[in-house]
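*Asks:* So the sequences go chain by chain: A and B.
Read left to right, the first sequence gives residues 1 to 300 (our numbering).
Read left to right, the second sequence gives residues 1001 to 1123 (our numbering).
Think of the CB as a built atom: it goes at the ideal place given N, C-alpha and C, for glycine as much as any other residue.
Quantities reported herein were computed from a predicted structural model and do not represent experimental measurements.
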Amino acid sequence: MDNVAAKTTTAIQATDLGKRYGSFWALKDCNIVVPRGSVTALVGPNGAGKTTLLKLLVDLSSPSAGSATVLGMTPNQSSGYLSEIGYLAQEIPLYSQMTVEKHLAMGAHLDTNWDNGLAVSRLKELKIPMGRPVGKLSGGQRAQVGLALALAKKPKLLLLDEPVAALDPLARVEFLTSLAQAATDAGGELTVVMSSHLLADLERVCDHLILLAAGETQLCDSIEHIIATHKLLVGPRNEATSSPGYSIIKETHAVNETNLLVRLNDKNFRSSSRWHVHDANIEDIVLAYMEQAKQEGDER
Amino acid sequence: MIILRINTRSGVPPYLQIVQQIKHDIRLGLLKKGDKLPTVKEAVTMTAVNPNTVFKAYRELEHQGLVKGQPGIGVFVLNNPDTPPADAQARLTADLTRWIQEARKLGLDDEATEALFHITLRK
Chain A
1 MDNVAAKTTT AIQATDLGKR YGSFWALKDC NIVVPRGSVT ALVGPNGAGK
51 TTLLKLLVDL SSPSAGSATV LGMTPNQSSG YLSEIGYLAQ EIPLYSQMTV
101 EKHLAMGAHL DTNWDNGLAV SRLKELKIPM GRPVGKLSGG QRAQVGLALA
151 LAKKPKLLLL DEPVAALDPL ARVEFLTSLA QAATDAGGEL TVVMSSHLLA
201 DLERVCDHLI LLAAGETQLC DSIEHIIATH KLLVGPRNEA TSSPGYSIIK
251 ETHAVNETNL LVRLNDKNFR SSSRWHVHDA NIEDIVLAYM EQAKQEGDER
Chain B
1001 MIILRINTRS GVPPYLQIVQ QIKHDIRLGL LKKGDKLPTV KEAVTMTAVN
1051 PNTVFKAYRE LEHQGLVKGQ PGIGVFVLNN PDTPPADAQA RLTADLTRWI
1101 QEARKLGLDD EATEALFHIT LRK
């Protein structure tokens, strides 16, 4: 019974998942749950294992430790498994000499679920020249072609590795709009996991967030819950800062002021009157965790 | 049709920004009783936010009694939020103008005046 419930509400579950190259752990102790229908941001410093995690999920690499369940299955290279998953690698692997049209024809030939009409109307709406070799398109257009191809197979899960990293701001917004539209059209049947460094963009389109840093899963929750449980406390210097009501993620001191970014342990936490409680935005929260992880790494 | 805007730097959650903007537009008369709000797809296209964010904003507006969703048709503006009658508004504006003049006379600049207003409002 539990298993059935997990299948319907969870798109991805990883337990102690890890990948080791020689003596180096590219990903370690990764414990995540991605709810079905969510658009999840995957963030963390370079080298935290984001790409490694995505590769493990599509079985382009096999785990050295732990396990993952994706759409109720263990990652494997069978066509049954991969037909439900769209994966767009960082470098957007397209054939530069081949036209957009030819890419679509190839997809239609290789995939039984292929919705060519959907891909064509999507790309025409974006005014992408269908007869032009992909190598002659702009970066933004190439990313849109990659996305359209990944969506044309009607996946239940879409994994995007830094899809907007190389795009100019306008192309970035256009890409995110296409992605949000696809999520709307799928009506909760599509789960998206997208790695990126651009936190402000992510807050717009994503509703969940996973933060990998220092070989650990630092955060894995809905953005709403993360924001609700993290606060910025501003108060006088030279006063005891610790409290059972919260855990300190980041502590900043000035001559006569102390700022604490904290995770609340107690929902009904009330600060003393000398401390002011402010909301923190997702960017501040993620940066605080990344700094904390970096300091711990340096001390090790 | 109104144009929805999202500011990702403001720190205000995107769903709340949509709620605030629509309430503001109703108050300003840009949205009137019976007007249809953008569909979720239109809202997503304008802002690149997650569709669940738009659903949540519309649910919140419905909860506040400002709009009503009609399944399969759309979400429509119901009421104007409580605004004081025109004469009351004029009287309050006159009082506030006098108060601001007084504050300036006493040497408060705009920033200090605003701060005082907000502090008193929250008391």
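#1: Which residues in the same chain have their Cβ closer than 7 Å to the Cβ of V1044/B, if we skip the five residues on either side of it in sequence?
#2: By a C-beta neighbour count over all protein chains shown, 10 Å radius and 16 as the cutoff for buried, is P1071/B buried or exposed?
#3: Under 6 Å Cβ to Cβ from A166/A, same chain only, skipping five residues before and after it: list those, please.
#4: Going by beta carbon distance, what residues of the same chain come within less than 8 Å of K1068/B, once the five residues before and after it are set aside?
#5: So, is T9/A buried or exposed, given that buried needs 16 or more other C-beta atoms within 10 angstroms?
#6: I want to verify the contact list: residues of chain A whose CB lies under 9 Å from the CB of N1052/B, in sequence order.
#7: With 9 Å as the threshold, decide whether the Cβ of T177/A is near any Cβ in chain B.
#8: So E291/A is in the beta strand (DSSP E); what residue range does that whole segment cover?
#9: Taking the beta strand (DSSP E) that K153/A falls in, what are its first and last residues?
#10: Check the DSSP bridge columns for D1109/B and list the partner residues they point to.
#11: Within 8 Å, do at least three Cβ pairs link the segment 185-200 of chain A to the segment 38-56 of chain A?
#12: Going by the beta-carbon positions, is the gap between I249/A and H230/A smaller than 9 Å?
#13: Checking the sheet assignment: what are the DSSP bridge partners for T1047/B?
#14: Should A143/A be flagged as near chain B, meaning a C-beta pair shorter than 9 Å?
#15: If you count every other CB in all the chains shown that lies within 10 Å of the CB of A305/A, and 16 or more means buried, which is it?
#16: Here's a check: name, in chain order, each residue in its chain whose Cβ is nearer than 8 Å to the Cβ of K294/A, leaving out the five neighbours to either side.
#17: If the criterion is Cβ atoms closer than 9 Å, does the pair H225/A and S38/A meet it?
#18: Comparing the C-beta of I128/A with each C-beta of chain B, is any distance below 9 Å?
#19: How close, in whole Å, do the beta carbons of A157/A and V33/A come, if the pair is a contact with beta carbons under 8 Å?
#20: Just the Cα atoms here: how many angstroms apart are V277/A and N268/A?
#21: Can you check which of these residues, E1042/B, L1028/B and A1048/B, is closest to T177/A by C-alpha distance?
#22: Do you know offhand how far A89/A's Cα is from G107/A's?
#23: Cβ of A11/A less than 9 Å from any chain B Cβ?
#24: Do the segment 254-264 of chain A and the segment 1009-1024 of chain B make contact, defined as three or more Cβ pairs closer than 8 Å?
#25: Tell me the DSSP secondary structure of S121/A in three-state form.
#26: What three-state label does DSSP hand M106/A in the structure shown?
#27: With distances taken from CA atoms, which of N31/A, R36/A, V58/A and N76/A is nearest A65/A?
#28: Kindly list the residues whose CB is nearer than 6 Å to the CB of E1060/B, restricted to its own chain and excluding five residues on each side of it in sequence; keep chain order.
#29: Quick one: using the 10 Å Cβ neighbour count with 16 as the cut-off for buried, is A240/A buried or exposed?
#30: Does R1122/B have its Cβ less than 9 Å from a Cβ in chain A?
#31: Quick one: which chain B residues come within Cβ less than 7 Å of I285/A?
#32: Starting from the Cα of N116/A, find the closest Cα among L149/A, L57/A and E189/A and give me that residue.
#33: Output yes or no for whether 9 Å exceeds the beta carbon distance between P244/A and L190/A.
#34: Using a Cβ cut-off of 9 Å, pull out every chain A residue sitting near K1041/B, in sequence order please.
#35: Need the endpoints of the alpha helix (DSSP H) that Y81/A sits in, please.
*Replies:* Working from what's here:
#1: P1051 and V1054
#2: exposed
#3: G139
#4: E1062, V1075, F1076 and L1078
#5: exposed
#6: G37, S38, V39, A183, G188 and D207
#7: yes
#8: Not the beta strand (DSSP E): E291/A falls in the alpha helix (DSSP H), residues I282 to E299.
#9: From DSSP, K153/A is part of no beta strand (DSSP E); its letter is neither H nor E.
#10: BP columns for D1109/B are empty, so no partner.
#11: yes
#12: yes
#13: None, per the DSSP bridge assignment.
#14: no
#15: There is no way to answer for residue 305/A, as the model of chain A reaches only from 1 to 300.
#16: P45, A213 and A214
#17: no
#18: no
#19: The sequence shown places Leu at residue 157/A, rather than the Ala named in the question. That belief does not hold up - the Cβ atoms of L157/A and V33/A are roughly 14 Å apart, past 8 Å.
#20: 13 Å
#21: A1048/B
#22: 16 Å
#23: no
#24: no
#25: helix
#26: helix
#27: N31/A
#28: V1019
#29: exposed
#30: no
#31: Simply none; closest approach about 11 Å.
#32: L149/A
#33: no
#34: Q181, T184 and D185
#35: S79 to L82
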